[in-house]
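Below is one structure, written out as structure tokens, with a few remarks after it.
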Amino acid sequence: MSSKITRRSMLRGTALATAGAGAAFFGPWKQNRVYAAASDKPIKIGLTHDASGQFANSGQAEKRGTIMAIQEANAKGGVLGRKVEYVWMDTETTPQTGTRVAERLITRENVHFMVGAIQSGTANAISQVAQKYGCVYFNTNSSSPTESGKNCHRVKFVWDGSGENFSRAAAKNAIDAFGKKWMFLYNDYVWGQNTNAATKKVAANYGADAVDEVAIPVGTRDFSAILLKIQQQKPDVVAAAVGGDDFKVMRKQVSDMGLDTSPAWLNNQQDWPDVYGLGADAAFGVFGTTWYHLLDLPGVKDFVARYQARYPTTRISVPGNVTYNGYVAMRELLRVIEETGGTDNTKIIKALEGRKMSADDRMQTHDAVIDPNSHHVQQTVYLARGNKKPADKTDYFEILTAADPESVRASADAVCKLESFADTPSYDQG
Amino acid sequence: MVDFFLGLLPHLLNGVALGLLFALLSLGFMLIIGVMEVINLAHGSLFALGAYFAVMLMGQDGGLPFAFMQAYYDLPAIPRYIIALIVAPALVAVVGMGLEICLRRTYGKDPLYGLLLTFGAALVLEEIIREIWGPAEYFLPLPKAIRGGFFFGDMIYSNYRIFAAVFAMAMIGLLWAFLNRTPYGAVIKAGAHDSEMVRVLGYNLSRLRLFVFAFGAALAAIAGIVMAPIWGVRPHVGVDAVIPAFVVIVLGGVGSFWGAVSAGLLVGMVVALTAAFLTEWSLLSMYLLLLVVVTFRSRGFAGKASALKA
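The listed protein sequences derive, respectively, from chains A and B. Note that the working numbering has the first sequence beginning at 1, numbered continuously upward. Note that the working numbering has the second sequence beginning at 431, numbered continuously upward.
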């Protein structure tokens, strides 16, 4: 068989080869960041904790928890025989900064994983970047129902209870105890809006009537007009989803006006760094939390003692829910790396999905599980109020109930649609 | 209709109280911009520093951990509060003097130099606060006499708000009397109008500027102490203060005492009423007011030049 290369066939061949090469080069294809196979180089974790802005104090509390877990792992010889290192950057309680920090941690610092979040807007921003690269990210403390709902991602795992979990734990009790006339206050950003929507829905299901709903701009420093308005509306219950510095200021002004006992206040969640140092009176109303340092459960006293030994000079002398969430999340990540034998994102994600964690291990009342469909840790939610008979000077909370995870499961999680593994870039920094 | 006005009345009174606090917030800012022609963006940090010094002087959480201070902390709350109101502003005045010395090289140059320097100083002071006191929240403990609430009709209002508003009125009155009824005030006012003429008349202009800046810093600190029980004390609380103070000064008109006071009252009223009836607009409302006023009258209510030409 003879073959003759004509000008026409050569042009056709060249065009086809160029088109083929172009298709391979320009995609569609997903970005993969896979480096050399596992080595003895340190495992590097990017910490995205706030040190400035609205949640600076909580961000630093969370950082103490994640670093404590890393240091404990290193004291035991590291993970897979490798040292665990961390690089921390201030996310400034700002979504734009969260995006910038996440990009930098992944592309410049080549971190294996990212951990940390207080504000939901920032957590969402970080997780979008994490999903783009395939980097597994732990949202440790931001609790907007959307984080494990419509803003969920295959690479993101949400460790705190959501606003809806806390509402479910509190709403029925509040209606039975105080009445059906409810007024809603919420911070006008993603966490406040979504938590309020979830609370309203839960309260309505139990028969509450909404007399008013007030959106409070983030950064509000004067609540006097709002407190006068509350008095004019005369609700039985005020359900508040106000967070960070705004909450601290509001609490102070509520207390000054003597409105902290009537009407009844339902403060969705009370983070320990927001009350510590202010006494039991600061913890007004009824609120939710995932952990308390005086729970009579296995491991709690030892954890508190280890925290105090590691942080002898910190102003917050006992760990609270924010430090706890940071600690248990980081500890679990390091365990999963050990179990999967590496840092491959797909293996890590699969090991985390549906992962069961015992109550004793997590120092909570009920066993916990990571929901494989929303990546939200389903855990015990405690309902609490200010302690009128404190056992010591740190005993601010009186724990009222310990709801099991199923009874407070958030309906918002059902709308989560995780990206497929095929649509999630593979990511392993070796 | 009667019900509507009865419902409005508490909000109007609250607006007046809030307005007096905004006016107090801007007094030090007004003095420095009027005499020194410097937009002092460190005003908020000096405000915060005053609050922190007061927390330190009131003791409890935030007090100095020295044994010799214990006898002082054992004093009743009222004398400690009075001491805090005097000593904390004095300490901040010293910081203000240091800042004025740094500013000297910018005098006579483009106002942007002074603005940038005070902006840098604000960042430095905030970080120093964070280093010393940490990121956590502090609250200024108050004497029992000014805590709690009182009833008017079937509503409760804060005792401290009334105290703070009356205190603000007293400070406004005292500052006015100082500027208008004392020879020192006359020199300061003359310096605001024509600093070179003051120098020609034999007054030491450097010393005058040092004094005015220290005085302005002390006023910022007093505002910080008064606002601390309402806003709380945290490293970036100064940002919460400097923005409304700037708005009040621009609205009132640079260098105008009564312009600043009336603008403070107007801002307080607008913020209080929008917070009551259109809460989501409450923060934006003061900026909308600024936009409207500056659009039609760039020098504010009673100023002689625009803020940017200060």
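Where a beta carbon is used, it is the ideal one built from N, C-alpha and C, also for glycine.
Non-local beta-carbon contacts of V136 (chain A) in its own chain, meaning distances under 6 Å to residues more than five positions away in sequence, involve F113, V155, N345 and I348 in chain order. Scanning A:K181, A:F223 and A:E147 for the CA closest to the CA of Q233 (chain A) turns up A:K181. At a cut-off of 8 Å between C-beta atoms, D433 (chain B) does not count as an interface residue with respect to chain A.
Interface with chain B (8 Å Cβ-Cβ cutoff): G277 (chain A) is included.
In the three-state scheme derived from DSSP, where H, G and I count as helix and E and B as strand, F477 (chain B) is classed as helix. Among the residues of chain A, those whose CB is under 7 Å from the CB of H441 (chain B) are A225 and L228, following chain order.
Counting only Cβ-Cβ distances below 9 Å, T536 (chain B) has no contacts in chain A at all, with the closest Cβ about 27 Å away. Membership of Y327 (chain A) in the alpha helix (DSSP H) is indicated by the continuous run N321 to T340.
Of all alpha-carbon atoms in A:V336, A:N165, A:H49 and A:I126, the one lying nearest the alpha-carbon of S143 (chain A) is that of A:N165. Beta bridge pairing from DSSP links K156 (chain A) with A:Y137. Separation of E103 (chain A) and A117 (chain A) (C-alpha to C-alpha, rounded to the nearest whole angstrom) is 15 Å. One finds D188, A215 and P217 in chain A with Cβ atoms closer than 7 Å to the Cβ of E710 (chain B), taken in chain order. At a cut-off of 8 Å, the C-beta of R310 (chain A) has no neighbouring C-beta in chain B. Sequence-ordered contacts of the stretch 670-700 of chain B with chain A read D670 [C-beta pairs closer than 7 Å].
Listed along chain B, the residues sitting closer than 9 Å to Q60 (chain A) by beta-carbon distance are G564, P565 and A566.
Under the 8 Å criterion on CB atoms, M585 (chain B) is classed as interfacial with respect to chain A. Listed along chain A, the residues sitting closer than 9 Å to S588 (chain B) by beta-carbon distance are S224, L227, Q253, D256, M257 and G258. The residues R221, in chain order, have a CB closer than 6 Å to that of V249 (chain A) in the same chain once the five nearest residues on each side in sequence are set aside. Taking 8 Å as the cut-off, the beta carbon of G244 (chain A) is found no closer than this to the beta carbon of G161 (chain A).
In this structure, the alpha-carbon of L443 (chain B) lies about 56 Å from that of G134 (chain A). In the DSSP annotation of this structure, the continuous segment of the alpha helix (DSSP H) that includes I562 (chain B) starts and ends at P541 to W563.
Counting every other CB atom within 10 Å of its CB across the protein chains shown gives S712 (chain B) a total of 16 or more, marking it as buried. When only Cα atoms are considered, Q60 (chain A) and A125 (chain A) end up about 19 Å apart. DSSP places R577 (chain B) outside any beta strand (DSSP E), giving it a letter other than H or E. The three-state reading of DSSP puts R82 (chain A) in strand, counting E and B together. In the structure shown, V369 (chain A) falls within a strand segment according to DSSP collapsed to helix, strand and coil. When Cβ-Cβ separations below 8 Å define contact, K388 (chain A) makes no contact with chain B. With a cutoff of 8 Å on beta-carbon distance, L383 (chain A) and T401 (chain A) are scored as near each other.
Residues of chain A whose Cβ lies closer than 7 Å to the Cβ of A706 (chain B) are, in chain order, A225, L228 and K229. Taking a beta-carbon distance threshold of 8 Å, K63 (chain A) does not count as an interface residue toward chain B. Under the Cβ distance rule, L487 (chain B) does not count among the residues neighbouring chain A, no pair being separated by less than 8 Å. Rounded to whole angstroms, the gap between the alpha carbons of Y568 (chain B) and V663 (chain B) is 5 Å. At a cut-off of 8 Å between beta-carbon atoms, P273 (chain A) makes contact with chain B. Counting along the chain, F287 (chain A) sits inside the beta strand (DSSP E) bounded by residues V286 to T289. Per the coordinates, the alpha-carbon of L681 (chain B) lies some 10 Å from the alpha-carbon of M716 (chain B). At a beta-carbon threshold of 8 Å, the residues of chain A lying near G662 (chain B) are D245, K248, V249 and K252, ordered along the chain.
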